[in-house]
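Asks: For the sequence shown, our numbering assigns the number 5 to the initial residue and increments by one for each residue that follows. All residues carry an ideal CB built from backbone N, CA and C; glycine is no exception. I'd like to ask you about the structure that follows.
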Amino acid sequence: MICCEAKIGPFFNTVLIVPISSPKKYRVAEKFVKSPLFMEIDQEEIYAAALLQHVKAIDPTVKMKGNIKVRLDEANMKKLAQF
5 MICCEAKIGP FFNTVLIVPI SSPKKYRVAE KFVKSPLFME IDQEEIYAAA
55 LLQHVKAIDP TVKMKGNIKV RLDEANMKKL AQF
């Protein structure tokens, strides 16, 4: 998952990425639900958990070859921004 505000994206050559994982344990096990490092995402085609302990920056022109499938809504982006 790429995290980048549209306002700053055109000015930088890097974006933050957050890996997501779909195993149910990240959405139901108490230790993951209570942890601020796992954020549930349930939107369109994505039903997973964002693994916030693995955030990193990449240059998307070098590291990405795929197309964007789904964009997170404003509510989910606000949750990420709180992290």
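Within 10 angstroms of the Cβ of Met43, are there 16 or more other Cβ atoms? Answer buried if so, exposed if not.
Replies: Residue mapping note: residue 43 aligns to position 39 of the sequence shown, counting from 1. Buried.
Asks: Buried or exposed for Ala33, please, with buried defined as at least 16 other CB atoms from any protein chain shown within 10 angstroms of its CB.
Replies: For the purposes of this step, residue 33 is taken as the residue at position 29 of the sequence shown. By the 10 Å Cβ count, Ala33 comes out exposed.
Asks: Compute the distance between the beta-carbons of Ala54 and Ile45, then report whether it is under 9 Å.
Replies: Walking along the sequence shown from the start, residue 54 turns up at place 50. Walking along the sequence shown from the start, residue 45 turns up at place 41. Against a cut-off of 9 Å, the Cβ pair of Ile45 and Ala54 comes out as a contact.
Asks: What does DSSP give as the partner residues of Phe36 in its beta bridges?
Replies: In the sequence shown, residue 36 corresponds to position 32, counting from 1. According to DSSP, Phe36 bridges with nothing at all.
Asks: Would you give the residue range spanned by the alpha helix (DSSP H) that Gln86 belongs to?
Replies: To locate residue 86, count along the sequence shown from 1; it is residue 82. Its alpha helix (DSSP H) spans residues Glu78 to Gln86.
Asks: How big is the Cα-Cα spacing for Pro40 and Pro64?
Replies: By one-based count along the sequence shown, residue 40 stands at place 36. By one-based count along the sequence shown, residue 64 stands at place 60. Each residue's alpha carbon lies about 26 Å from the other.
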